[in-house]
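According to the numbering used here, the sequence shown is numbered sequentially starting from 4.
We put the CB at the ideal spot given by N, CA and C, even for glycine.
Note that the structure is predicted; figures quoted are calculated from it, not measured.
A quick write-up on the structure given underneath.
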Amino acid sequence: MGYGFTQNEFEADVIVVNTCAVREHAEMRVLGNVGALNHTKKAKPEQIIAVCGCMVQQEHMTEKIKKSYPIVDLVFGPHELWRFPELLLDVMTRHKRVFATARDDGAVTEGIPLRRDGKVKAWLSIMYGCNNFCTYCIVPYVRGRERSRLPEDILAEARQLVAAGYKDITLLGQNVNSYGKDLDSETDFADLIRMVNDIPGDFLIRFMTSHPKDATEKLFRTMAECEKCAHQLHLPVQAGNDRILKAMNRHYDREKYLTQVQLARQYMPDLVLTTDIIVGFPGETEEEFEETISLCEEVRFDAMFTFIYSKRVGTPAASMPDPFTREEKQKHFDRLTEVANRISGEKHAAYIGTHQRVLIDGETGRDEYNLSARTNGGRLVHLKGEAELIGQFRNVVITGGNTWALYGEVE
Ligand code: 5AD
Ligand code: SF4
4 MGYGFTQNEF EADVIVVNTC AVREHAEMRV LGNVGALNHT KKAKPEQIIA
54 VCGCMVQQEH MTEKIKKSYP IVDLVFGPHE LWRFPELLLD VMTRHKRVFA
104 TARDDGAVTE GIPLRRDGKV KAWLSIMYGC NNFCTYCIVP YVRGRERSRL
154 PEDILAEARQ LVAAGYKDIT LLGQNVNSYG KDLDSETDFA DLIRMVNDIP
204 GDFLIRFMTS HPKDATEKLF RTMAECEKCA HQLHLPVQAG NDRILKAMNR
254 HYDREKYLTQ VQLARQYMPD LVLTTDIIVG FPGETEEEFE ETISLCEEVR
304 FDAMFTFIYS KRVGTPAASM PDPFTREEKQ KHFDRLTEVA NRISGEKHAA
354 YIGTHQRVLI DGETGRDEYN LSARTNGGRL VHLKGEAELI GQFRNVVITG
404 GNTWALYGEV E
């Protein structure tokens, strides 16, 4: 429509606030940020303010915005993204507020222009939605059912990315392991990795997220065999206790998870393994939490993303008894963070003195160690060097490491 971009909210003709609904904290920040736009709208009354994304796909949120945030002119959910220009035109020509949050699952829309930040790493969506209905999670309600993009569309985009010089492509979906199950084609996720791997060029393939219930041996074998596929797996376990896993509707138990990890490591001894964990799921006892700690000690994840359970309106867990206090949950959370940090630190220390092939992907903004890079497994490395190295694979020797990052020298 001829618009450009600005980072200055007082200058913008249109402000689009994109949102997440996974946890309450992010929603509170969105509402705070939207509230703050009162100032910009006052200074520039013709400014159009739009709020989009998963948060507004929840009815109670749309209602809240309708009633309490009159400065918002346009609200649209994830299924309506492709209609954005039309909706914007509606706001401009009809001079009334527009709320577009259709309740259907949405189609797979192809050909929407994309603007990517950076020239080295790219996200590539391969599917949308989720069918898993983990009892704590809002995603299946706001993103609808699983819909896979066609392999040829994904491959065409991957080829374009490689031709444009991207070196690190992350295949993206809520549960990539169920890729293709909704299509007529025989292609499953492992096949898709192989097809992307066959594209000529020097680049890495990563992917997110894998559900442990349907990560297969074929996937691990394919990862091991495809030379462009990073030996990196994000496999969210969520909890270490079987009663909690069942109450979460995760469809695996502790033992099955541990077996998956063992199998993946058998195929890729250098695998970098990360996970997500929820602390304080309704009714989680001290003993049950201890099983999460013991699982983490047993698996020794390279990194863990830990969250305190956040109640989501309309999910089954929201109506489960939740007798433990925020303070008790916080204590568990702090303890888990300590364990996670210690293990990450130990794992990073073991890199010291090793040689790694890394992709240099950007600048850190600091004088010493001015460049950032990633190992094949996705660990962050800080380096010294010229900015022209950005976008290149280089061999480095690792000279230091802490909980968060490795430090190295280009060889
Ligand atoms: N509360 C806390 N964490 C959650 N996640 C998803 N839903 C919730 C919730 N209601 C976490 C899970 C998931 C990650 C993306 O966010 O760990 O893997
Ligand atoms: Fe949410 Fe579970 Fe789907 Fe992940 S798999 S998006 S946690 S419902």
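Residue i burial status per 10 Å Cβ neighbour count (16 or more: buried)
| i | result |
| --- | --- |
| S188 | exposed |
| F1 | Because the chain in this structure spans residues 4 to 414, residue 1 falls outside the shown range and cannot be described. |
| I419 | Residue numbering for the chain in the displayed model covers 4 to 414; residue 419 lies beyond these limits and cannot be assessed. |
| R79 | A small correction: the amino acid at residue 79 is Phe; Arg does not occupy that position in the sequence shown. Buried. |
| V264 | buried |
| P48 | exposed |
| G381 | buried |
| S213 | buried |
| Q177 | buried |
| F8 | exposed |
| L274 | buried |
| A53 | buried |
| P154 | buried |
| T262 | exposed |
| P285 | buried |
| E291 | buried |
| G411 | buried |
| S375 | buried |
| D337 | exposed |
| L92 | exposed |
| E294 | buried |
| N398 | exposed |
Boundaries of the alpha helix (DSSP H) in which residue i is found, first to last residue
| i | result |
| --- | --- |
| G365 | Premise fails: G365 lies in the beta strand (DSSP E), 358-366, not in any alpha helix (DSSP H). |
| Q265 | 257-270 |
| Y144 | 142-146 |
| R253 | Looking at the DSSP string, R253 is not in any alpha helix (DSSP H), and its letter there is neither H nor E. |
| L339 | 329-352 |
| S213 | No alpha helix (DSSP H) holds S213; DSSP gives it neither H nor E. |
| D93 | 87-97 |
| V399 | Careful: V399 lies outside any alpha helix (DSSP H), inside the beta strand (DSSP E) at 396-404. |
| K221 | 220-228 |
| K70 | 62-71 |
| V33 | 27-39 |
| V199 | 192-200 |
6 Å CB neighbourhood of residue i in its chain, flanking five on each side removed
| i | result |
| --- | --- |
| L174 | L127, I129, F210 |
| V240 | Y260, T278 |
Neighbourhood of residue i by C-beta, 7 Å cutoff - its chain only, sequence neighbours within 5 removed
| i | result |
| --- | --- |
| T318 | T138, Y139, C140, I141 |
| D191 | Y182, G183 |
| H63 | V316 |
| D256 | D245, L248 |
| F206 | V165, Y169, K170, D171, I172, K231 |
Residues near residue i by beta carbon distance below 8 Å, same chain, minus five either side
| i | result |
| --- | --- |
| N252 | N135, F136, C137, T138, P319 |
| A46 | F13 |
| R377 | D171, V361, L362, D364, L383, V384 |
| F105 | In the sequence as displayed, the identity of residue 105 is Ala instead of Phe. Same-chain partners within the cutoff: G80, H82, E83. |
| Q61 | A24, I141, Y144, V145, V316, G317 |
| L158 | M198, V199, I202 |
Residue range of the beta strand (DSSP E) that includes residue i
| i | result |
| --- | --- |
| C299 | Taken as a continuous stretch (DSSP letters only), C299 belongs to no beta strand (DSSP E), being part of the alpha helix (DSSP H) at 289-302. |
| E155 | E155 -> not in any beta strand (DSSP E); alpha helix (DSSP H) instead, spanning 154-166. |
| M307 | 306-311 |
| A376 | 374-378 |
| V384 | 383-386 |
| D171 | 171-175 |
| H237 | 235-237 |
Distance cut-off 7 Å: residue i Cβ against heavy atoms of the ligand SAM
| i | result |
| --- | --- |
| V275 | The ligand SAM is not part of this structure, which contains only the ligand 5AD and the ligand SF4. |
The segment 224-241 / the segment 193-200 touching (three or more Cβ pairs under 8 Å)
Yes, since at least three Cβ pairs between the segment 224-241 and the segment 193-200 fall closer than 8 Å, the two stretches touch.
For the ligand 5AD, enumerate in chain order all residues having a CB closer than 6 Å to any of its heavy atoms.
For the ligand 5AD, the residues with a Cβ under 6 Å from any of its heavy atoms are, in chain order, V25, R26, Y139, C140, P239, Q241, D279, I281, F310, Y312, S313, R315.
Exercise answer, beta-carbon shell around the ligand SF4 heavy atoms below 6 Å
For the ligand SF4, the selected residues are C133, N135, F136, C137, C140, V142, P143, Q177, N178, H214.
Do the segment 327-346 and the segment 150-163 touch if we need at least three Cβ pairs shorter than 8 Å?
Judged by Cβ distances under 8 Å, the segment 327-346 makes no contact with the segment 150-163, as fewer than three pairs qualify.
Whether or not the segment 337-356 and the segment 403-413 are in contact is what I'm after, with contact meaning three or more pairs of Cβ atoms, one per stretch, closer than 8 Å; do they touch?
Put simply, the segment 403-413 touches the segment 337-356. At least three CB pairs are less than 8 Å apart.
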